[in-house]
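There are 2 protein chains.
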Amino acid sequence: MKSESEEKRPADLSAQIAGSIRDAIVSGALIVDARLPSEAELSEQFNVSRPTVREALKRLAAQSLIRTQRGATGGAFVNRLSYEEAYGQQITTSTLLLSMNDVDFATACEARFALERACAPLAAERRSADQLATMRTEVYRQAQPGLSDEGFCASDVAFHRALVDGAHNPVLSYQLAGAVEAMQPLMNMITFTARSREVIVGLHTRLADALEARDATAADQQLAQLAEYTAELFDKLRRARQGA
Amino acid sequence: MKSESEEKRPADLSAQIAGSIRDAIVSGALIVDARLPSEAELSEQFNVSRPTVREALKRLAAQSLIRTQRGATGGAFVNRLSYEEAYGQQITTSTLLLSMNDVDFATACEARFALERACAPLAAERRSADQLATMRTEVYRQAQPGLSDEGFCASDVAFHRALVDGAHNPVLSYQLAGAVEAMQPLMNMITFTARSREVIVGLHTRLADALEARDATAADQQLAQLAEYTAELFDKLRRARQGA
DNA sequence: GAGATTTAATTGTCAGACAAATGAAAAGTG
DNA sequence: CACTTTTCATTTGTCTGACAATTAAATCTC
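Structure (C-alpha cells):
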C-alpha cells in the first residue's frame, strides 16, 4: 500500500537483529530453552558491537521471548511463554489500546459481553464448585454498603474472571483476560448508585444461579441483560455530563 | 503467594527503569505524544549510564509504547498504540502461546469457534457488501483444485477475518485476530483431502449465504458445524498417526 | 572422596567517543 | 524585506574498552 518513497527507512540495527532472532523463535528454528550464542558471539555474527546486541536482546526480553542468566553457564535462553506472562501483556496492551484510541464505551462494552457470552455455555457445563464459590463471594462483597466504587469494580472483574475461568479453556481465559480487565478503567468512571448496585447484584446472583443449575440459556439471558444495563448506565452518565 | 526467600531478586536496572516509565504511561501521567527527557537527562535522573537508559527505552519500544526520532527536536515520544500494532503483538503472542505450551488442537479450536460465534450475530447484522465480497472471493479460491494446503489455510484465515471484521467492532477484531491467526500453524498440519475441502467450501458457502441474508441463526448453525467438522478432521489425523 | 578454593565464562554496568540525522538559528543574497 | 543557504546545536545510533557481579566447573587440600 505504501509508495516506496514514503517511510521505508531501514530500521535500527538492534531492531533488525531482534527481528531476526524473533523470526527464528516463532518459526521454531530456536526451540524452548535453547541457548542463544553469547553476546560476544552474536556481535561477531551480526558484525555489530555488544551494546547493539544487548539492545536487541532487551527488546526480546520485553516480549518475554527470552530470559537471561548470568554466570559461567549463563546466557540468553528461549523462554517458554507462560499463560501468566501472556495475560499480563494482553492486559497492558488492551488497556492502552482502549485508553489511547478513544474507544467509546459502547464499542468496548459490546466486545466484552459478546466474548463473555461465548464463554457462558461452556462455563455452565463445566464450572467447578470452586469457581461458583468465588462468584458467590464476590456477589456478597458487592452487596456490602461500605464498598467503594473502585472496590465494587474490582470485585466485578473478579466475578467475571471466575465466570470465564469456568469454561476451563486456558486459551479462552487468556483471550478474555484482556477484554475484561481492560474495561475496568472505563467502568471506574461510573459512580455506582445504591440503586444500580442493587440491580447489578441481582443480575450477578441470577447469573450464578444459572451456572449452579448448569442452565446455559438462563446464563446467556442474564449476561445479555447485564450488557444492556451497563450500556444504559453509561448512557445516563454521558447525558448527565453533557447537561452539566 | 511466593515466600520472600524464593526468587525475589531485584530486576536489572534497565528493567526497573522501563517499568517505572511504563507505569507512568499506563497511569496516564505521560500522555500520548509527550516527549520523554533525553537519554542524557534520564541517565542523570535515574543515576545510571546512558547505555542502561537505552536498554530500558528499547524494552518500551519493543512493546510499541514509545517511538524515537533522531535530530535536534528528536527524542523518545509516547506512542499512540494503533490497532495495527496491537494486532501484530497479539498474533505473535498467541502463536507462541499455542506452540510452546502443547495446547491441544481441541482446546484451541474450541476457543476459536466460541469467539467467532460471538461475532456472528453482529456480523450478520452489520456486514458490508465489501466484506461479503471478500468472503465469496476466498470461497472461490478454496474451490480451486490446484491450491496448496498452505494456500487453502491462508485463504481460510482471510475468510474468517472478513467474517470477524463484519461485526464492525475494532475491539472484537483485535481480540479475534490472535485467536484466528494463531490457529493457522495448527491447521497447516492438516492435509486437506479433496473430500474435506469440498465439505469446508460447502460450509463456507452456506455461511456466506447466511450473512448475505442477515440470518444470525443460520450463520451460527454453520459455524457450529464447521467447528465440529474441524475437530473431527483433526481427530482422524491423530488416529491415523497413532496407527502408523 | 568431601569440602574449600580458584578460575573461566557470561551478563550487567559504566565512561567516553564519534557518526548521523534534523530542525532551528544565523548568515548570505537578491 | 523576503527568500535561500549555511552553520550549528541537540539528540539518537553505534562503537570501543573496561570493570563488576554472578555462577558453574575445575582444581586443590585434607
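Chains X and Y, in that order, give the protein sequences.
As numbered in the working numbering, residues 2 to 245 make up the first sequence, in order.
As numbered in the working numbering, residues 2 to 245 make up the second sequence, in order.
Cβ coordinates follow ideal geometry from the N, Cα and C atoms, glycine included.
Quick caveat, the model's predicted, so the values are computed rather than measured.
- The beta-carbon of residue 101/X is placed less than 7 Å from the nearest beta-carbon of chain Y.
- When the five nearest sequence neighbours on each side are left out, the beta carbons in the same chain lying within less than 7 Å of the beta carbon of residue 61/X are those of 19, 22, 23 and 67, in order along the chain.
- Using a Cβ-Cβ cut-off of 7 Å, residue 111/Y counts as an interface residue toward chain X, since at least one Cβ of chain X sits closer than that to its own.
- The residue among 168/Y, 110/Y, 155/Y and 157/Y with its C-alpha nearest the C-alpha of residue 127/Y is 168/Y.
- DSSP places residue 172/X in the uninterrupted alpha helix (DSSP H) bounded by 171-183.
- Listed as beta-bridge partners of residue 69/Y by DSSP are 77/Y.
- The beta carbon of residue 52/X sits closer than 7 Å to some beta carbon of chain Y.
- If the five residues before and after residue 99/Y are omitted, its C-beta is found closer than 8 Å to the C-beta atoms of 109, 183, 184, 186 and 187, all from its own chain and listed in chain order.
- From the beta-carbon of residue 93/X, the residues of chain Y found nearer than 7 Å are 27.
- For residue 36/Y, the secondary structure class from DSSP, reduced to helix, strand or coil, is strand.
- Identification of residues in the stretch 212-236 of chain Y having a C-beta nearer than 7 Å to some C-beta of chain X yields an empty set.
- The Cβ of residue 240/Y sits no closer than 7 Å to any Cβ of chain X.
- Inclusion of residue 40/X and residue 54/X in the CB contact set at 7 Å is warranted, their separation being smaller than that value.
- For residue 157/Y, the number of other beta carbons within 10 angstroms of its own is at least 16, and it is reported as buried.
- Neighbours of residue 60/X in chain Y, taken as residues whose beta carbon is under 8 Å from its own, are 59, 60, 62 and 63 in chain order.
- Pairing residue 104/Y with residue 84/X, the inter-Cα distance amounts to about 11 Å.
- Neighbours of residue 173/X across chain Y, judged by C-beta separation under 8 Å: 111, 112, 115 and 116.
- Put simply, the backbone Cα of residue 102/X is about 7 Å away from that of residue 81/Y.
- The beta carbon of residue 181/Y sits no closer than 7 Å to any beta carbon of chain X.
- With a threshold of 7 Å between beta carbons, residue 176/X makes contact with chain Y.
- When 8 Å is used as the limit between beta carbons, residue 120/Y is near these residues of chain X: 115, in chain order.
- Taking 8 Å as the upper bound for CB-CB distance, residue 136/Y and residue 163/Y are in contact here, some 5 Å apart.
- Residue environment for residue 194/X: exposed (fewer than 16 other C-beta atoms within 10 angstroms of its C-beta).
- Burial state of residue 166/X is buried, judged by a 10 Å Cβ sphere holding 16 or more other Cβ atoms.
- Between residue 176/Y and the set 91/X, 201/X and 97/X, the nearest pair of CA atoms involves 91/X.
- The C-beta distance from residue 224/X to residue 121/X rounds to 6 Å, short enough to fall under 8 Å.
- Going by C-alpha positions, residue 76/X is about 18 Å away from residue 30/X.
- Measuring C-alpha to C-alpha distances from residue 36/X to each of 73/X, 50/X and 142/X identifies 73/X as the nearest.
- The residues 185, 188 and 189, in chain order, have a CB closer than 7 Å to that of residue 154/Y in the same chain once the five nearest residues on each side in sequence are set aside.
- Cα atoms of residue 47/X and residue 69/X: separation of roughly 19 Å, rounded to the nearest angstrom.
- At least one CB of chain X lies nearer than 7 Å to the CB of residue 108/Y.
- Residue 239/Y sits in a helix when the DSSP states are folded into three classes.
- Residue-level contact check: residue 56/X touches chain Y, since one or more beta carbons of chain Y fall below 7 Å from its beta carbon.
- The beta carbons of residue 204/Y and residue 227/Y sit closer together than 7 Å.
- Taking each of 199/X, 86/X and 129/X in turn and checking the Cα distance to residue 148/X, the smallest one comes out for 199/X.
- Taking C-beta atoms as the reference points, residue 220/X and residue 211/X count as a pair closer than 7 Å.
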